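Data first, discussion second: the structure below is written as structure tokens.
Residue numbers (the numbering used here), protein chains in the order written: chain R, 1 to 353; chain V, 354 to 706.
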């Protein structure tokens, strides 16, 4: 990943004369054209983006004719955090939303809302990271938009990404397709992203630095779909963590869910941080973990495939889908009790993504 | 357009207990679910949105397989202005970007960045307006995202919309397809939106109130394509106004452009405001006007069709495309002189859209 140098720019209003974003960079005129030409094009450039039309024309070859479409705005604070930054998050988050329908993510568009005064270097660093994340996930930025708001009306930058993916024939994954008897699988440890953001924001120091788990999950999903199309539900456990996902799926599919708390993978340092802060890792946000509902007979096949993938090594079966108590999620605790795991009323930490 | 009433809401954490947006409304938990269930769903609801997946699955039936895809963030200040508001603008702007490639706009997704403290009533009014604009343009909101940022880190609300449209077989419209000899057409009066925003923001009073021209242009484009597929370029004259559009097209197509200033339609009250403020209407933003490049033999046919449409009544031929001075735009003035109409270095007024 190379952060572009501002040194050689020799346009009429060279960006190097502007170490910080000014209102004119969002104005649709020459200064904005400079920003695009010298920063965004070298980083994001591809033949589709080059069309420079009001919108971008895409030749979508969807065998089954089904596309997935999604949008997310990213307002995480701070912009750069242990294990990632808002640029990487803006790609992975949207790629993951597409992958959770079984789609192959293809194209993203990106909207930047820049706050006047944002250091050009920060924008360069985050844009480079966004470009690198696109490469890693195998997606292209095909359209973009830049706006600038006055100082005190933003927080450095907000990024919106929307994405399009193609759904392979025979894949049908949706929140309301859970079946009684399905096994509940998580792809890895819970709570890393939320605790990473919390630690840096609240100035907490732990013995080892806790990093965000932000990664693109489309490769892992492709691997899973390589062994079977018969996956019923997929969901990445972002805001609200595992508890929000399980509650949403239980409600959407009108089924009950139970799981064993001790089987949910949690890093020791995340667990320690949660104990210290009085938090429950089941409610903490992740940015690179998914929950899958698969038919019982396929569990081992799917788990083997997941564990062979870099982003699924710690995949674990944690529970199952029941006919009883539809809409309700029950956790069995280590000491033999059980408790209702409720929908969180809100993420513990605002602006987590 | 009905603004939803907050009175009958009886959910566990009823929204009527929150006259203003609080951080929890963006947290991915129950408060956000309330906001979606009681405000966004009743207004935007459709079968596709009901999927409630991480992304929305669309069955796109593109005969030729070509889609248009675009994104825009809207940060206009003030949120509500003469002739429209940010909600209506967020639909029309993105619909127009799709229409400028000849696409039929079908689906939008919407991302809201709400500032803590935003009155729920304002959000209701703007969301209603957004829903009404979707209906008017014939598009559906199929995916959404809500984030809340702390007070002092936003400006009420910012909206991002991304859109997908289908390009009819045989339509090929792009900024680099202008041909020498093409006629340059504008669909109506220039400068209305910019002057409307400026007047309300700067507290200027004119004899008659100047209103934004924000409208969806997909109907007008459909009408034009109804008489011929042979349209070379279309562009809506937003930030930077007519001058930015002509410069962009001259550069992209490597052609020269000349036009007669006196033929550019400008409302008398807009002209008066411009004269008073020392502004040039050619540089002022529009939100419901397009520029079209069409082959000379088709001009009258296209103009007749445009003038028969509500949003093209004042359509006018203003100039033509030349082989000479590629990349340069020349205006012939009323008194017989001529001048270079340069690319604006930036919109005169920030946060115009």
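C-beta: ideal position from N, C-alpha, C; glycine also.
Nothing here was measured: the structure is a model prediction, and the numbers come from that model.
- Mind listing, in chain order, the continuous beta strand (DSSP E) runs of no fewer than 3 residues lying wholly within the segment 293-329 of chain R? If you keep only unbroken beta strand (DSSP E) runs of at least 3 residues inside the segment 293-329 of chain R, you get 316-322.
- Using the beta-carbon count (16 or more within 10 Å), is residue 508 of chain V buried or exposed? Classification for residue 508 of chain V: buried.
- Query: Under the rule that 16 or more other beta-carbon atoms within 10 Å means buried, what is residue 404 of chain V, buried or exposed?
  - Reply: With 16 or more other Cβ atoms within 10 Å, it is buried.
- Message: Which of the three DSSP states is assigned to residue 545 of chain V in this structure?
- Response: DSSP places residue 545 of chain V in helix when its eight states are reduced to three.
- Message: Please determine whether the Cβ atom of residue 519 of chain V lies at a distance below 7 Å from any heavy atom of the ligand SAH.
- Response: No copy of the ligand SAH occurs in the structure displayed, which carries no ligand at all.
- Under 8 Å between the Cβ atoms of residue 514 of chain V and residue 70 of chain R? Using a Cβ distance threshold of 8 Å, residue 514 of chain V and residue 70 of chain R do not count as a contacting pair.
- Task: Look at the Cβ atom of residue 656 of chain V, then the Cβ atom of residue 666 of chain V, and state whether they are nearer than 8 Å.
- Result: Contact annotation: residue 656 of chain V and residue 666 of chain V have beta-carbon atoms that are not nearer than 8 Å.
- Of all Cβ atoms in chain R, is any one closer than 8 Å to the Cβ of residue 420 of chain V? So yes, residue 420 of chain V belongs to the interface.
- Message: Which runs of the alpha helix (DSSP H) at least 4 residues long sit entirely within the segment 360-448 of chain V? Give them in chain order.
- Response: For the segment 360-448 of chain V, whole alpha helix (DSSP H) runs of length 4 or above, ordered along the chain, are 383-388 and 394-397.
- Task: Indicate whether at least one CB of chain R lies closer than 8 Å to the CB of residue 610 of chain V.
- Result: No, its Cβ sits nowhere closer than 8 Å to a Cβ of chain R.
- Determine the closest residue to residue 586 of chain V out of V:603, V:580, V:432 and V:593, with distance taken between C-alpha atoms. Nearest C-alpha to residue 586 of chain V among V:603, V:580, V:432 and V:593: V:603.
- Query: In this structure, does DSSP put residue 505 of chain V in helix, strand or coil?
  - Reply: In the structure shown, residue 505 of chain V sits in coil (DSSP, three-state: anything other than H, G, I, E or B).
- Query: If the cut is a Cβ gap below 7 Å, which residues of chain V does residue 153 of chain R touch?
  - Reply: Here the neighbours are 507 and 508.
- Message: What does DSSP give as the partner residue(s) for residue 165 of chain R in the beta ladder?
- Response: For residue 165 of chain R, which the question treats as bridged, DSSP gives the partners R:68 and R:105.
- Query: Helix or strand or just coil, what does DSSP make of residue 115 of chain R?
  - Reply: Strand, per DSSP.
- Message: With H, G and I counted as helix, E and B as strand and the rest as coil, what does DSSP make of residue 500 of chain V?
- Response: Correct three-state label for residue 500 of chain V: strand.
- Just the Cα atoms here: how many angstroms apart are residue 496 of chain V and residue 631 of chain V? Their Cα atoms are separated by approximately 43 Å.
- Message: Counting only C-beta atoms, is residue 224 of chain R closer than 8 Å to chain V at any point?
- Response: Contact of residue 224 of chain R with chain V is not assigned, every C-beta pair being separated by 8 Å or more.
- Query: Of the choices V:651, V:377, V:428 and V:544, whose alpha-carbon is the least far from that of residue 597 of chain V?
  - Reply: For the residues V:651, V:377, V:428 and V:544, the minimum Cα distance to residue 597 of chain V belongs to V:544.
- Message: Taking beta-carbon pairs under 8 Å, can you tell me which members of the segment 454-465 of chain V lie near chain R?
- Response: Residues of the segment 454-465 of chain V whose Cβ lies closer than 8 Å to any Cβ of chain R, in chain order: 454, 456, 460, 462, 463, 464 and 465.
- Query: Quick one: is residue 612 of chain V buried, meaning 16 or more other Cβ sit within 10 Å of its Cβ, or exposed?
  - Reply: Residue 612 of chain V is buried by the Cβ-count criterion.
- Message: Counting only beta-carbon separations shorter than 8 Å, does residue 252 of chain R have a partner in chain V?
- Response: It does: the Cβ of residue 252 of chain R has a partner Cβ on chain V nearer than 8 Å.
- Task: Please state whether DSSP places residue 613 of chain V in a helix, a strand or coil.
- Result: In this structure, residue 613 of chain V counts as strand in the three-state DSSP scheme.
- Task: For the alpha helix (DSSP H) containing residue 536 of chain V, list its first residue and its last residue.
- Result: From DSSP, residue 536 of chain V is part of no alpha helix (DSSP H) but of the beta strand (DSSP E) over 536-539.
- Query: Between the C-alpha atoms of residue 693 of chain V and residue 533 of chain V, what's the straight-line distance to the nearest angstrom?
  - Reply: When rounded, the distance between both Cα atoms is 19 Å.
- Query: Is any beta-carbon of chain V found at less than 8 Å from that of residue 2 of chain R?
  - Reply: Since pLDDT at residue 2 of chain R reaches only 49, below the 50 mark, its modelled position is unreliable, and no value is offered.
- For residue 552 of chain V, is the classification buried or exposed, using 16 other Cβ atoms within 10 angstroms of its Cβ as the cut-off for buried? Answer is buried; the Cβ neighbour count reaches 16.
- Task: Establish whether the CB of residue 451 of chain V and some CB of chain R are separated by less than 8 Å.
- Result: Look at residue 451 of chain V: its C-beta is under 8 Å from a C-beta on chain R.
- Message: Just to confirm the assignment, what range does the beta strand (DSSP E) spanning residue 586 of chain V have?
- Response: Taken as a continuous stretch (DSSP letters only), the beta strand (DSSP E) holding residue 586 of chain V covers 586-589.
- What residues in its chain sit with their C-beta under 6 Å from that of residue 262 of chain R, if we drop five residues either side in the sequence? Exclusion of the five residues before and after residue 262 of chain R leaves 334 as the residues of its chain whose Cβ lies within less than 6 Å of its Cβ.
- Measuring alpha carbon to alpha carbon, tell me which of R:171, R:267 and R:86 ends up nearest residue 208 of chain R. Residue 208 of chain R has its Cα closest to that of R:267, out of R:171, R:267 and R:86.
- Message: Among the candidates V:600, V:601 and V:595, whose CA atom is the shortest distance from the CA of residue 618 of chain V?
- Response: Comparing Cα-Cα distances from residue 618 of chain V to each of V:600, V:601 and V:595, the minimum goes to V:595.
- Closer than 6 Å by C-beta to residue 680 of chain V: which residues in its own chain qualify, once you throw out the five before and the five after it? Chain order, please. Within the same chain, residue 680 of chain V has close Cβ partners 603 and 604.
- Message: Measuring CB atoms only, is the segment 22-35 of chain R touching the segment 112-129 of chain R, in the sense that at least three cross pairs come out at less than 8 Å?
- Response: Because the criterion of three Cβ pairs below 8 Å is met, the segment 22-35 of chain R and the segment 112-129 of chain R touch.
- Message: I need the straight-line Cα distance from residue 557 of chain V to residue 125 of chain R, nearest angstrom please.
- Response: Those two C-alpha atoms are separated by around 42 Å.
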